[in-house]
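S.K.:
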Amino acid sequence: MNGRRLSIRLNLDKLNHKKAFEILSALPSGRKSEYAVNAIIRAHDTDEVLQLVRKVLHEDTAKDMQSVSGNKDDIDNVVVDYLKTL
Numbered sequence: 115m116n117g118r119r120l121s122i123r124l125n126l127d128k129l130n131h132k133k134a135f136e137i138l139s140a141l142p143s144g145r146k147s148e149y150a151v152n153a154i155i156r157a158h159d160t161d162e163v164l165q166l167v168r169k170v171l172h173e174d175t176a177k178d179m180q181s182v183s184g185n186k187d188d189i190d191n192v193v194v195d196y197l198k199t200l
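Take 115 as the starting number for the sequence shown in our numbering and just add one per residue.
(1) Alpha carbon to alpha carbon, how far is residue 174 from residue 198?
(2) For the putative contact between residue 134 and residue 124, defined by C-beta atoms under 8 Å, what is the C-beta separation to the nearest angstrom?
(3) Going by DSSP, what residue range makes up the alpha helix (DSSP H) through residue 139?
(4) Secondary structure at residue 147, three-state DSSP: helix, strand or coil?
(5) Note down the Cα distance separating residue 170 from residue 191, rounded to an integer number of angstroms.
Structure representation (structure tokens):
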């Protein structure tokens with residue numbers, strides 16, 4: 115096997131660290147690395163998708179705001195309508 119080693123230290127006083135430890139401990143010893151690799155990639159891909167969705171929503175909201183007249187009530191209504199769609 116030609117691999118590199120990466121160690122992490124978990125602080126079991128922290129809830130997220132403790133949960134991660136419990137999840138990893140429940141896995142068979144040969145599956146921990148693959149599980150961690152897949153989880154990291156999935157989290158990264160999810161973050162990229164969320165950034166893209168935020169960008170699209172921001173652009174869409176900007177277009178809606180530009181199409182509204184300068185009336186503050188109209189702008190408030192667009193914002194409220196947009197928030198209802200979330």
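Here a beta-carbon is modelled for each residue, glycine too, at the ideal position from N, C-alpha and C.
M.R.: So, from the data block:
(1) The residue labelled residue 174 in the question sits at position 60 within the sequence shown. The residue labelled residue 198 in the question sits at position 84 within the sequence shown. Distance between the alpha carbons of residue 174 and residue 198 is about 15 Å.
(2) Mapped onto the sequence shown, residue 134 falls at position 20. Mapped onto the sequence shown, residue 124 falls at position 10. Right, the Cβ-Cβ distance comes to about 6 Å (below 8 Å), so this counts as a contact.
(3) Translated into positions along the sequence shown, residue 139 becomes position 25. Counting along the chain, the alpha helix (DSSP H) containing residue 139 begins and ends at 129-140.
(4) Within the sequence shown, numbered from 1, the residue matching residue 147 stands at position 33. Helix, per DSSP.
(5) In the sequence shown, residue 170 corresponds to position 56, counting from 1. In the sequence shown, residue 191 corresponds to position 77, counting from 1. In this structure, the straight-line span from the alpha carbon of residue 170 to that of residue 191 is close to 20 Å.
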